[in-house]
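Peer 1:
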Amino acid sequence: MLALVDCNNFYASCERLFQPSYRRKPLIVLSNNDGCVIARSNEAKALGIEMGVPLFKIRPLVERHGIALFSSNFPLYGDISARVMQVLGGMTPQLEVYSIDEAFMEVPTQDLGCFGREVHLRVRKWVGIPVTVGIGKTKTLAKVASFIGKRRNTLYHICDSKDLLQVPVGEVWGIGRAFATKLKRRGIHTAACLAGASPDQVRRLLGVVGMRTCLELRGEIAYPLEKGPEPKKNIGVSRSFSQGVTDLEVLRGAAAHFAERAGEKLRAQGSHAAGLMVFLNTDRFQPNPYFGHTHVALCTSTNRSAPLIKAACAGLVQLFRHGLKYKKLGILATGLAPIDGGSLFTPYDAKPQRMQESIDAINKRYGRHCIQSALNLRNDWLGGKNSLSNRYTTAWDELPEVS
DNA sequence: TCTGGGGTCCTAGGACCC
DNA sequence: TCTGGGGTCCTAGGACCC
356 MLALVDCNNF YASCERLFQP SYRRKPLIVL SNNDGCVIAR SNEAKALGIE
406 MGVPLFKIRP LVERHGIALF SSNFPLYGDI SARVMQVLGG MTPQLEVYSI
456 DEAFMEVPTQ DLGCFGREVH LRVRKWVGIP VTVGIGKTKT LAKVASFIGK
506 RRNTLYHICD SKDLLQVPVG EVWGIGRAFA TKLKRRGIHT AACLAGASPD
556 QVRRLLGVVG MRTCLELRGE IAYPLEKGPE PKKNIGVSRS FSQGVTDLEV
606 LRGAAAHFAE RAGEKLRAQG SHAAGLMVFL NTDRFQPNPY FGHTHVALCT
656 STNRSAPLIK AACAGLVQLF RHGLKYKKLG ILATGLAPID GGSLFTPYDA
706 KPQRMQESID AINKRYGRHC IQSALNLRND WLGGKNSLSN RYTTAWDELP
756 EVS
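Start counting at 1 in the first sequence, then tack on 355, and there's your number in the working numbering.
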């Protein structure tokens, strides 16, 4: 049997962990630039705040009900997530960390209820975060169980066949808006109905992906538990700007920053990139937006910041058109491959490599961005985070104080 | 005025090879 | 007038996830 452990309203719960006065109060967490809602406490959900709505559309509601606002604080959420996963890792022979707030695990005992309750209690006690445990024969059924558990507000739920009747087909893991529309058009409205359909028919309608979901709902494993974390096949960094940017030099600062960040991510997973895709757009909500993208090949595969920055800036200059007001810039490292020491034909120069290692060592010891590209000094593209909480667990000068 | 960021997988079609 | 068969790799686009 498989369990899905899902942290309830994860980002909202993280904020409450260090500011308990917000318990039982409506609270929302906002995306970059305090733009959209990306997490809501149950009280905020009850007020009708939808996932993903832009803040400006719900301002009146926020003020009327005194809803607490938080800017997103990913250093905090990432650290709390790691603690939750560590606790889960101690309770199962096999854990698959699925996202920042979810993990699948093999249930090592016959007593499913006891296991579900124990997982909830242990995470609650050791980390302080509420989780819902869904148990089923497949990942998709564990997801169904978690859906029911959350709706009934229980600590855990074990999937049984009647549950599928209560789950709208669009709520099934793997069925998004487009698939749900196609299914409903053919009279398939619930998970039970999808499970009852013929897998071949579902395959013709939705392709193999849809068919796998159908099989999983019937109790047949199509997505086994994964062993270790696979290295990422793409690594991207992008940001929207709160104010439109017209100045190439400001964009260059942002491009350098993103390339440096991408380099950090590449080095962290031990990969090289062969190229860099650069994206530049104007406001997508205005008429005739500009969407530019270009690919820049790197002379040799690398994960060092300097050549990545150079490539990012080269791509940017290609895409830049005078007189436009840009709202978003992004880069994507492509052609990722593990570092293998290079081949006979790749030129290898140890010096820049050693320099990168030294920079990383200094930054690790004295703080991120202690040494960085001078281009990064131009950071006026950075948007505001008006309601940012402290990094309670990852920054010495922001630790909680007890008086 | 204000609208997130970071991923995955599958499929179809074109280029190219023998 | 007749115009093969089989394979790989790459890319773009669409669907999904949190």
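C-beta atoms are modelled at their ideal positions from N, C-alpha and C, and glycine is treated no differently.
What residue range does the beta strand (DSSP E) around Ile590 cover?
Peer 2: The sequence position of residue 590 within the first sequence is 235, counting from 1. Taken as a continuous stretch (DSSP letters only), the beta strand (DSSP E) holding Ile590 covers 590 to 600.
Peer 1: By Cβ distance, which residues of its chain are closer than 7 Å to Ala669, with the 5 residues on each side in sequence left out?
Peer 2: Within the first sequence, numbered from 1, the residue matching residue 669 stands at position 314. Taken in chain order, the residues that qualify are Val651.
Peer 1: Hey, Cys391 and Leu410 are a contact pair by Cβ (cut 8 Å); roughly how many whole angstroms apart?
Peer 2: Walking along the first sequence from the start, residue 391 turns up at place 36. Walking along the first sequence from the start, residue 410 turns up at place 55. So it is a contact: roughly 7 Å between Cβ atoms.
Peer 1: Counting pairs of Cβ atoms below 8 Å between the region 437 to 455 and the region 567 to 587, do you hit three or more?
Peer 2: Counting Cβ pairs under 8 Å, three or more are found: they touch.
Peer 1: Assign Lys545 to one of three DSSP states: helix, strand, or coil.
Peer 2: Translated into the one-based positions of the first sequence, residue 545 becomes position 190. Note on residue identity: the sequence assigns Thr, not Lys, to residue 545. Residue state, collapsed to three classes: strand.
Peer 1: Measuring only the C-alpha atoms, how far is Phe459 from Gly529?
Peer 2: Position 104 of the first sequence, counting from 1, holds the residue named residue 459. Position 174 of the first sequence, counting from 1, holds the residue named residue 529. So the two alpha carbons sit approximately 16 Å from each other.
Peer 1: So Val633 and Trp736 are in contact, right, with Cβ under 8 Å, and what is the actual spacing, rounded?
Peer 2: Start at 1 with the first residue of the first sequence, and residue 633 comes out as number 278. Start at 1 with the first residue of the first sequence, and residue 736 comes out as number 381. Contact doesn't hold; Cβ gap of about 15 Å is too wide.
Peer 1: Below 7 Å between beta carbons: does that hold for Thr637 and Tyr645?
Peer 2: As a working note, residue 637 is residue 282 in the first sequence. As a working note, residue 645 is residue 290 in the first sequence. Going by C-beta atoms, Thr637 is nearer than 7 Å to Tyr645.
Peer 1: Buried or exposed for His677, please, with buried defined as at least 16 other CB atoms from any protein chain shown within 10 angstroms of its CB.
Peer 2: For this step, residue 677 is matched to residue 322 along the first sequence. Burial call: exposed.
Peer 1: Look up Ile726 in the DSSP assignment and say whether it is helix, strand or coil.
Peer 2: Numbered from its first residue, the first sequence carries residue 726 at position 371. The answer is coil: DSSP assigns Ile726 none of H, G, I, E or B.
Peer 1: Any idea which residues DSSP pairs Thr637 with across the strands?
Peer 2: Taking the first residue of the first sequence as position 1, residue 637 is located at position 282. Thr637 pairs with Tyr681.
Peer 1: Taking contact to mean 3 or more Cβ pairs, one atom from each stretch, closer than 8 Å, check whether the region 601 to 608 and the region 518 to 537 are in contact.
Peer 2: Judged by Cβ distances under 8 Å, the region 601 to 608 makes no contact with the region 518 to 537, as fewer than three pairs qualify.
Peer 1: How close, in whole Å, do the beta carbons of Leu443 and Val360 come, if the pair is a contact with beta carbons under 8 Å?
Peer 2: One-based indexing of the first sequence puts residue 443 at position 88. One-based indexing of the first sequence puts residue 360 at position 5. About 6 Å separates the two Cβ atoms, so the contact holds.
Peer 1: Going by DSSP in three states, Ser758 sits in which element: helix, strand or coil?
Peer 2: Stepping through the first sequence from its first residue, residue 758 is reached at position 403. Correct three-state label for Ser758: coil.
Peer 1: To the nearest angstrom, how far is the alpha carbon of Arg558 from that of His724?
Peer 2: Here residue 558 refers to the residue found at position 203 of the first sequence. Here residue 724 refers to the residue found at position 369 of the first sequence. Roughly 50 Å separates the two Cα atoms.
Peer 1: With distance defined between alpha-carbon atoms, name the residue in Asp695, Gly722, Ala535, Asn658 nearest to Trp751.
Peer 2: For the purposes of this step, residue 751 is taken as residue 396 along the first sequence, with counting starting at 1. Of Asp695, Gly722, Ala535, Asn658, the residue nearest in Cα terms is Gly722.
Peer 1: Helix, strand or coil for Glu712 per DSSP?
Peer 2: For this step, residue 712 is matched to residue 357 along the first sequence. Reduced to three states, the DSSP call for Glu712 is helix.
Peer 1: Can you tell me the Cα-Cα spacing of Asn741 and Leu467, whole angstroms?
Peer 2: Indexing the first sequence from 1 puts residue 741 at position 386. Indexing the first sequence from 1 puts residue 467 at position 112. When rounded, the distance between both Cα atoms is 44 Å.
Peer 1: Closest to Lys620 by C-alpha separation, out of Leu687, Leu674, Ser386, Arg532, would be which residue?
Peer 2: Against the first sequence, residue 620 aligns to sequence position 265. Checked all of Leu687, Leu674, Ser386, Arg532; the closest Cα to Lys620 is Leu687.
Peer 1: Can you name, in chain order, every residue of its own chain whose Cβ lies under 7 Å from the Cβ of Arg472, other than the five neighbours on each side?
Peer 2: For this step, residue 472 is matched to residue 117 along the first sequence. Closer than 7 Å at the Cβ level, and outside the excluded window around Arg472, lie Leu510, Tyr511.
Peer 1: Considering only C-alpha positions, which residue in the set Ser516, Ser758, Glu756, Arg746 is nearest to Cys369?
Peer 2: The residue given as residue 369 occupies position 14 in the first sequence. Cys369 has its Cα closest to that of Arg746, out of Ser516, Ser758, Glu756, Arg746.
Peer 1: Is the Cβ-Cβ distance between Ser396 and Asn363 less than 7 Å?
Peer 2: Here the question's residue 396 lines up with position 41 in the first sequence. Here the question's residue 363 lines up with position 8 in the first sequence. No, the Cβ-Cβ distance between Ser396 and Asn363 is not below 7 Å.
Peer 1: Could you name the residues that DSSP lists as bridge partners for Asp518?
Peer 2: Here residue 518 refers to the residue found at position 163 when the first sequence is read from its first residue. Answer is none; Asp518 lacks a bridge partner.
Peer 1: Taking the Cβ atom as the reference point for each residue, do Ala358 and Ile513 lie within a distance shorter than 7 Å?
Peer 2: Within the first sequence, residue 358 is the residue found at index 3, counting from 1. Within the first sequence, residue 513 is the residue found at index 158, counting from 1. In this structure, Ile513 does not lie closer than 7 Å to Ala358 by Cβ.
Peer 1: Under 6 Å Cβ to Cβ from Arg371, same chain only, skipping five residues before and after it: list those, please.
Peer 2: Locating residue 371 in the first sequence gives position 16, counting from the first residue. Once the five neighbours on either side are set aside, the close Cβ partners of Arg371 are Tyr377, Arg378.
Peer 1: Taking only runs of the alpha helix (DSSP H) that begin and end inside the region 411 to 464, which ones reach a length of at least 4 residues, in chain order?
Peer 2: Taking only runs of at least 4 residues, the alpha helix (DSSP H) segments lying wholly in the region 411 to 464 are 429 to 444.
Peer 1: Between Met406 and Arg709, what straight-line distance do the alpha-carbon atoms span, to the nearest angstrom?
Peer 2: Looking up residue 406 in the first sequence gives position 51. Looking up residue 709 in the first sequence gives position 354. Spanning the two alpha carbons is a distance of roughly 45 Å.
Peer 1: Nearest-angstrom Cα distance between Ile694 and Gly591?
Peer 2: Your numbering for residue 694 matches position 339 in the first sequence. Your numbering for residue 591 matches position 236 in the first sequence. Going from the Cα of Ile694 to the Cα of Gly591 covers about 19 Å.
Peer 1: Might you give, ordered along the chain, the residues of its own chain that have their beta carbon closer than 6 Å to the beta carbon of Gly483, omitting 5 neighbours on each side?
Peer 2: Along the first sequence, read from residue 1 onward, the residue named residue 483 stands at position 128. Hits under 6 Å: Leu372.
Peer 1: With Tyr366 as the anchor, note down where its alpha helix (DSSP H) starts and where it stops.
Peer 2: Translated into the one-based positions of the first sequence, residue 366 becomes position 11. Here the alpha helix (DSSP H) through Tyr366 covers 365 to 373.
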